[in-house]
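Undergrad: This is the structure I want to talk about, given as structure tokens.
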Amino acid sequence: SLKAAQKGLEIWKSAGADAWLAYHNGIFATGHNEGALTSEDISSVAAAALKGHKIGGGDVNTKTILDNNNRLAQTLTLQGTPALIVLPAKGATEKNVTVIPGGADRETLQKAIDKAAGKTT
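For the sequence shown, the working numbering gives the first residue as 34, with consecutive numbering after it.
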């Protein structure tokens, strides 16, 4: 949901990656998907993930960030989640980047990692 995504960005900015991951996992643990996620779900999961941290004063432009992410996903022809992009930390090129639209098994993911690392099989 848009509200859940916005709250996730606010949590990331205010409390960091660990809090965001706890929030992300908590949202999925509700089992509420396909429109069933409620405002109460978002609030309770956010409170648990924040562990007392306060969300900052609105300095995160969540709409712009989400719009940019959506444009990037469309450019990459990604139409859902999960989507994986495996690339090296430096020197990414067409030859060492793998885009996986959807989940990947262990073998597929390892091949993408090896490709990014410059290993040949």
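Beta carbons are placed, not taken as given, at the ideal position from N, Cα and C, and that holds for glycine.
Tell whether a beta-carbon distance below 8 Å holds between residue 99 and residue 38.
TA: A contact, by the Cβ cut-off of 8 Å.
Undergrad: With the cut-off set at 8 Å, would you say residue 121 and residue 149 are in Cβ contact?
TA: Their beta carbons are under 8 Å apart, which means residue 121 touches residue 149 by this criterion.
Undergrad: Under a three-way DSSP split, which group does residue 78 fall into?
TA: Correct three-state label for residue 78: helix.
Undergrad: What residue ranges within the region 112-152 form continuous alpha helix (DSSP H) runs of no fewer than 4 residues, ordered along the chain?
TA: Taking only runs of at least 4 residues, the alpha helix (DSSP H) segments lying wholly in the region 112-152 are 139-150.
Undergrad: Below 7 Å CB to CB, which residues in the same chain sit around residue 82 once its five sequence neighbours on both sides are set aside?
TA: These residues qualify, in order along the chain: 44, 52, 55, 56, 59.
Undergrad: Got a sec, what are the start and stop residues for the alpha helix (DSSP H) residue 103 sits in?
TA: Per DSSP, residue 103 belongs to the alpha helix (DSSP H) from 95-108.
Undergrad: Going by beta carbon distance, what residues of the same chain come within less than 8 Å of residue 89, once the five residues before and after it are set aside?
TA: The residues are 43, 46, 47.
Undergrad: Below 7 Å CB to CB, which residues in the same chain sit around residue 71 once its five sequence neighbours on both sides are set aside?
TA: Result list for residue 71: 65, in chain order.
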